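Worksheet: one structure, shown below.
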Amino acid sequence: LDGVQAVLATSANGVRALAARSDARDVPLFAVGPQTAEAAARAGFIRIRNAGGDATALAEAVPAWADSKKGPLLHAAGEESSGKLAEALAAKGFQVLRETLYRVEAAANLPDAAVGALRENSVQAALFFSPRSAGIFAERARQAGLSTAGLLAICISAKTADALHGLSFSEIKVAAAPNQAALLACL
Numbered sequence: 001l002d003g004v005q006a007v008l009a010t011s012a013n014g015v016r017a018l019a020a021r022s023d024a025r026d027v028p029l030f031a032v033g034p035q036t037a038e039a040a041a042r043a044g045f046i047r048i049r050n051a052g053g054d055a056t057a058l059a060e061a062v063p064a065w066a067d068s069k070k071g072p073l074l075h076a077a078g079e080e081s082s083g084k085l086a087e088a089l090a091a092k093g094f095q096v097l098r099e100t101l102y103r104v105e106a107a108a109n110l111p112d113a114a115v116g117a118l119r120e121n122s123v124q125a126a127l128f129f130s131p132r133s134a135g136i137f138a139e140r141a142r143q144a145g146l147s148t149a150g151l152l153a154i155c156i157s158a159k160t161a162d163a164l165h166g167l168s169f170s171e172i173k174v175a176a177a178p179n180q181a182a183l184l185a186c187l
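Just so it is clear: in the sequence shown, position 147 is 147 by the numbering used here, and no numbers are missing.
This is the structure we're talking about:
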């Protein structure tokens with residue numbers, strides 16, 4: 001992390017992957033939201049800022065926390081990160097170094113316990129934290145021939161809800177804010 005002004009963390013996975021690759025914990029870490037900030041604290045980072053939202057909120061917060069003239073920012077990214085955060089910060093004069101630190105691989109099938117619970121209608125709600133996880137769930141549910149008609153879908157964003165297209169739910173709710181607390185408030 002030498003020469004980096006701060007780390008941009010857009011997921012807990014990114015924090016964990018960075019912590020596994022570097023012992024540096026005193027570099028400022030700018031977290032997208034509370035779960036990512038909590039993961040950073042658990043990993044031992046000591047200079048954490050929390051944007052409290054999504055990548056847009058992080059891009060808006062960074063200029064108050066960093067100086068575009070004091071060196072690049074490192075984005076601890078997943079393979080499928082969009083690059084929009086770097087674009088937004090570049091427009092504000094920041095140099096963002098994107099480091100792909102992890103890749104999330106979709107499971108070939110839903111876990112047997114989940115399939116059983118859906119078939120028995122013993123689960124009332126499902127939480128979806130990203131468009132990718134929602135899309136994978138939709139694909140795997142169709143693959144298994146599962147009905148989701150009696151299930152409440154609670155999504156972290158409208159984009160996440162859109163990824164469930166083609167499935168019927170009793171209701172689809174979108175959290176008021178893109179974080180776990182807002183998701184749980186929908187229950």
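We put the beta carbon where it would ideally sit given N, CA and C, even for glycine.
The structure presented is a predicted model; accordingly, all values stated were derived computationally and were not measured.
Alpha-carbon spacing of residue i relative to residue j, whole angstroms
i       : j       : result
Ala-91  : Gln-5   : 18 Å
Gly-116 : Glu-171 : 21 Å
Ala-144 : Leu-184 : 27 Å
Ala-161 : Ala-114 : 20 Å
Phe-169 : Gly-150 : 6 Å
Arg-142 : Glu-60  : 39 Å
Cys-186 : Leu-127 : 10 Å
Ala-12  : Asn-121 : 31 Å
Leu-118 : Lys-173 : 19 Å
Leu-1   : Arg-132 : 29 Å
Lys-159 : Arg-42  : 29 Å
Asp-54  : Glu-80  : 16 Å
Lys-84  : Thr-148 : 32 Å
Trp-65  : Gly-3   : 17 Å
Residue from the options with nearest C-alpha to residue i
i       : options                              : result
Ala-86  : Glu-120, Val-15 and Phe-94           : Phe-94
Ala-31  : Ala-17, Ala-24, Val-62 and Arg-132   : Val-62
Arg-98  : Leu-18, Cys-186, Ser-130 and Ile-156 : Leu-18
Glu-139 : Asn-109, Lys-69 and Asn-50           : Asn-109
Val-27  : Leu-146, Ala-12 and Gly-71           : Gly-71
Ser-82  : Gly-52, Arg-42 and Thr-56            : Thr-56
Gln-180 : Ile-136, Ser-147 and Ser-130         : Ser-130
Whole-number beta carbon distance between residue j and residue i, since they are thought to touch under 8 Å
i       : j       : result
Leu-152 : Gln-124 : 6 Å
Ala-25  : Phe-45  : With the sequence shown as reference, residue 25 is identified as Arg, and Ala is not the correct amino acid for it. About 5 Å separates the two Cβ atoms, so the contact holds.
Ile-156 : Ala-175 : 5 Å
Ala-40  : Leu-58  : Actually they do not touch by this definition, with Cβ atoms about 13 Å apart.
Ala-163 : Ala-134 : 4 Å
Residue i: first and last residue of the uninterrupted alpha helix (DSSP H) it sits in
i       : result
Lys-84  : 84 to 90
Asn-13  : 12 to 21
Glu-60  : 55 to 65
Glu-139 : 131 to 143
Residue range of the beta strand (DSSP E) that includes residue i
i       : result
Ala-6   : 6 to 9
Thr-100 : 96 to 102
Glu-120 : Careful: Glu-120 lies outside any beta strand (DSSP E) and carries neither H nor E.
Ala-40  : No beta strand (DSSP E) contains Ala-40, which is instead part of the alpha helix (DSSP H) from 34 to 42.
Ala-161 : No beta strand (DSSP E) holds Ala-161; the alpha helix (DSSP H) holding it covers 158 to 162.
Leu-183 : Where Leu-183 is concerned, there is no enclosing beta strand (DSSP E), although the alpha helix (DSSP H) it sits in stretches over 180 to 185.
Arg-49  : 48 to 50
Glu-171 : 171 to 174
Below-8 Å beta-carbon distance, residue i vs any chain D residue
i      : result
Asn-50 : You won't find chain D in this structure, because it holds only one protein chain.
Item to check | Three or more C-beta pairs below 8 Å linking the region 6 to 19 and the region 69 to 83 | outcome: yes
Checklist entry - For the region 26 to 35 against the region 102 to 110, are there 3 or more C-beta pairs whose distance is under 8 Å? => result no
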